[in-house]
Ligand code: FEO
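Numbering (our numbering), first residue to last: 8 to 176.
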């Protein structure tokens with residue numbers, strides 16, 4: 008059975024994963040209307056779906072452990088970007104924020120000696136290692152490419168493959 012503070016903290020994480028899904032959906036939509044960013048758009052559509060899965064997994068766990076998973080209200084995410092570079096910086100910043108939040112949950116689980124939740128959270132800990140890694144790699148690539156148009160062309164062409172090879176699933 009989840010404690011009240013743990014239930015509340017997990018529900019906050021539900022909201023953060025839902026916000027991530029919305030933020031990446033907005034990135035996908037913005038990318039889709041830019042010339043030549045079809046691959047990037049596809050990447051963020053997939054990323055958005057994945058965040059929804061993260062949210063659902065949490066909701067099911069909360070309910071399974073005797074809590075009540077709350078469907079959150081959400082603020083509108085950033086919907087336009089001045090360029091692909093600032094969008095990917097935002098992507099990395101967002102993932103770092105999620106990692107911090109997961110770490111706080113792990114801390115709380117240990118403090119409460121809630122080993123079931125601690126065990127459940129390990130999946131998210133591993134997931135964040137992968138998410139941060141792929142966001143960092145993409146930012147590094149963009150840094151290298153700079154304003155080079157053919158580099159950007161290849162970045163867009165290869166991005167979904169990067170995503171698949173970076174993930175173990
Ligand atoms: Fe569910 Fe990308 O954090």
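The beta carbon of each residue, even a glycine, is placed where N, CA and C say it ideally should be.
Exposure of residue 94, with buried meaning 16 or more beta-carbon neighbours within 10 Å | Residue mapping note: residue 94 aligns to position 87 of the chain shown, counting from 1. By the neighbour-count rule (16 or more Cβ atoms within 10 Å), residue 94 is buried.
Just checking my contact of residue 115 with residue 16 at CB under 8 Å: how many whole Å lie between their CB atoms?
-> Walking along the chain shown from the start, residue 115 turns up at place 108. Walking along the chain shown from the start, residue 16 turns up at place 9. That pair is a contact at about 6 Å.
Between the stretch 76-92 and the stretch 128-136, do three or more beta carbon pairs fall short of 8 Å?
-> no
beta-carbon residue 131 near ligand 1 non-hydrogen atom, thresh 8 Å = Your numbering for residue 131 matches position 124 in the chain shown. Yes, the beta carbon of residue 131 sits closer than 8 Å to at least one heavy atom of ligand 1.
Are residue 138 and residue 102 closer than 9 Å when you measure CB to CB?
-> As a working mapping, residue 138 is identified with position 131 in the chain shown. As a working mapping, residue 102 is identified with position 95 in the chain shown. Going by C-beta atoms, residue 138 is nearer than 9 Å to residue 102.
C-alpha gap between residue 13 and residue 55, whole angstroms = Residue mapping note: residue 13 aligns to position 6 of the chain shown, counting from 1. Residue mapping note: residue 55 aligns to position 48 of the chain shown, counting from 1. The alpha-carbon atoms of residue 13 and residue 55 are separated by roughly 26 Å.
Selection from 88, 143 and 133 that minimises the alpha carbon distance to residue 61 | Position 54 of the chain shown holds residue 61. Taking only the C-alpha atoms, the option nearest residue 61 is 133.
Between 108, 158 and 27, which lies nearest to residue 85 when the distance is taken from Cα to Cα?
-> Here the question's residue 85 lines up with position 78 in the chain shown. Out of 108, 158 and 27, 27 has the C-alpha closest to the C-alpha of residue 85.
Compute the Euclidean distance between the alpha carbons of residue 104 and residue 155, then round it to the nearest angstrom.
-> The count along the chain shown starts at 1 and reaches residue 104 at position 97. The count along the chain shown starts at 1 and reaches residue 155 at position 148. For residue 104 and residue 155, the distance between alpha carbons rounds to 30 Å.
Check your reading: residues with Cβ closer than 6 Å to ligand 1 heavy atoms = 24, 27, 58, 61, 102, 105 and 138
With a threshold of 16 other CB atoms inside 10 Å of the CB of residue 124, please say whether the residue is buried or exposed.
-> On the chain shown, residue 124 is found 117 positions in, with the first residue counted as 1. It counts as buried.
From the DSSP output, in three-state form, read off residue 91 for me.
-> Numbered from 1 along the chain shown, position 84 holds the residue referred to as residue 91. Correct three-state label for residue 91: helix.
How many angstroms separate the CA atom of residue 142 from the CA atom of residue 99?
-> Mapped onto the chain shown, residue 142 falls at position 135. Mapped onto the chain shown, residue 99 falls at position 92. So the alpha carbons of these two residues sit roughly 5 Å apart.
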